[in-house]
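Each residue of the sequence shown is one higher than the one before, counting from 1 in UniProt numbering.
We put the CB at the ideal spot given by N, CA and C, even for glycine.
Notes follow once the structure below has been shown.
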Amino acid sequence: MHRLSAGAIGSAAASLVLGVLIGTLGTVLHRSIPPWGLVICLTLAFVAAVTVRAWTGYVALAGYAVGLAGTVLLLTQRGPGGDVLAPDGQAIGWLWVLGSIAVLVVAALLPRGPFDDRPRAPRTPTVEHELVDPAP
1 MHRLSAGAIG SAAASLVLGV LIGTLGTVLH RSIPPWGLVI CLTLAFVAAV
51 TVRAWTGYVA LAGYAVGLAG TVLLLTQRGP GGDVLAPDGQ AIGWLWVLGS
101 IAVLVVAALL PRGPFDDRPR APRTPTVEHE LVDPAP
């Protein structure tokens, strides 16, 4: 387990800001060109989540998750004039809210191997074959 350093906290704070930005863009634009607006917004959220996890790990991913989920849940509430960016009567709004959370879960559950920067030992063959002339 990694120690919580100032760099990790700074990365988590930057990831939180990125999550707020992606959450705002996605909530505003997911209904732009159905269904492609939703597909693009979910893809953007997933790519950002994977990038953040590869960048620092789970600490930064937690910051990104708080920013994204918090912004999506905040912006889907009714505004002071009764306006709403993701109406609950339309499936595309629910797909955005639940899809953005699913994207975070998938990014957190990806295998560790692709994100590991440690050098690996060279592979050694398990069986060595020798070319030998057959006996006469």
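Endpoints, alpha helix (DSSP H) assigned at residue i
i	result
Thr-56	It is not in any alpha helix (DSSP H) - Thr-56 carries neither H nor E in the DSSP assignment.
Selected residue, minimal CA-CA separation from residue i, among the options
i	options	result
Arg-53	Arg-120, Val-28, Gly-113	Gly-113
Asp-117	Leu-104, Ala-102, Leu-85, Trp-55	Trp-55
Arg-3	Phe-115, Gly-57, Trp-96, Ala-45	Gly-57
Leu-110	Leu-73, Ser-5, Phe-46, Pro-119	Phe-46
Gly-41	Ala-8, Ile-9, Leu-95, Ala-6	At residue 41 the sequence reads Cys, which differs from the Gly that was named. The shortest C-alpha separation from Cys-41 is found at Leu-95.
Cα-Cα separation, residue i to residue j
i	j	result
Ile-92	Pro-35	8 angstroms
Leu-16	Val-103	16 angstroms
Ala-62	Leu-85	25 angstroms
Asp-83	Gln-90	14 angstroms
residue 143	Ala-107	With the chain represented from 1 up to 136, any question about residue 143 goes unanswered, as that position is not in the structure.
Asp-88	Ala-13	31 angstroms
Thr-51	Gly-79	32 angstroms
residue 137	Thr-124	In the structure as shown, the chain begins at 1 and stops at 136. Residue 137 is therefore absent and cannot be evaluated.
Ile-33	Gly-7	39 angstroms
Check whether residue i and residue j have beta carbons under 8 angstroms apart
i	j	result
Gly-37	Thr-71	no
Ser-11	Val-59	yes
Phe-67	Leu-44	Per the sequence presented here, residue 67 reads as Gly, with Phe not at that position. Not a contact, by the Cβ cut-off of 8 angstroms.
Val-105	Thr-76	no
Leu-18	Ala-48	yes
Per-residue DSSP class, three states only, for residue i
i	result
Thr-76	coil
Ala-100	First, the residue type needs correcting, since residue 100 is Ser and not Ala in the sequence shown. Of the three classes helix, strand and coil, the one that applies to Ser-100 here is helix, per DSSP.
Gly-82	coil
Ser-5	coil
Ala-121	coil
Ser-11	helix
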